[in-house]
Each structure stands twice: as C-alpha cells, then as structure tokens.
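Residue numbers (the numbering used here): 13 to 139.
Spelled out as structure tokens, the structure:
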C-alpha cells in the first residue's frame, strides 16, 4: 500500500434473517447480506480480496478472508457499481459483521476499503 490518494469507493450493505434456511431450524441463525460497491472515482478498480470479522452476541468471533467475492474479482469502472449477495451463519440471534475489501488501481498499487459494522439480527429480537 502506498500514500497515493485512494479512489472513492462506497460500500453499502443490507442484511436480512433467513428464517427458512435449514441452519435456522438447527439452533443456528442464517443471514443473507446484499452488498453494493460503488466506484465514485475517475479510475477503474479491481476487487482483489475480502476480509470479514463476524461476531455474535455471545462473544464468539470468526474471521473470513480470501480472494474476491462470490467467486469473482470484478473490475468496477468509474461511476459503476458491483452488487452481490452472500451469507453468514452465527450461533445466536444477534451479531455483527465488519471488514474491508482490498482493491487494486490500474497501476497495480493496492488500497483497503473499510466496510462499516452492520447488524445481523432476527427481527423483533432487539427492543
């Protein structure tokens, strides 16, 4: 990573509980999360890697990292978006996720795009 100004990349995430998922019938809680990655810069960027920290309300945490997302390493052109849906299973009805994407500029230098904490919660569990 270097000191060059990072392109403006915005990440928005929406999570939902999957009550009909088999794990949700087996003392676990399954969630889908839909991600929209917007490239607001004037240069293309390639999503190389992902890192997630998944935590549940019982204090259990799990780290997930690897190449790309949903089997892809997309290049996102200026003013374009990339969307995907994935999932997570946790051991209690409330948790959270956060992390980052490692992106690559056209000149092959890399930078990280943080993904803010978002909640995983079964509806009506929280007051």
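Cβ coordinates follow ideal geometry from the N, Cα and C atoms, glycine included.
These numbers were taken from a predicted model, which means no experiment stands behind them.
Worksheet item: When you compare only the Cα positions, how much space is there between residue 56 and residue 37?
Response: 43 Å
Worksheet entry | Those residues which DSSP pairs with residue 50 across a bridge | 22 and 93
Item to complete: Pick out whichever of 93, 97 and 68 has its Cα sitting closest to the Cα of residue 82.
Response: 97
Practice prompt. Just mark residue 32 as buried or exposed, buried being the case when its beta carbon has 16 or more other beta carbons within 10 Å.
Written response: Note on residue 32: under 16 other CB atoms within 10 angstroms of its CB, so exposed under the neighbour-count rule.
Worksheet item: Nearest CA to the CA of residue 49: which residue from 132, 112, 131 and 120?
Response: Comparing Cα-Cα distances from residue 49 to each of 132, 112, 131 and 120, the minimum goes to 112.
Worksheet item: For residue 69, does the three-state DSSP call read helix, strand or coil?
Response: coil
Fill in: Closest residue to residue 123 among 79, 34 and 59 (Cα-Cα distance)
Taking residue 123 as reference, the option from 79, 34 and 59 with the minimal CA-CA separation is 59.
Fill in: CB of residue 53 within 8 Å of CB of residue 105, strictly
no
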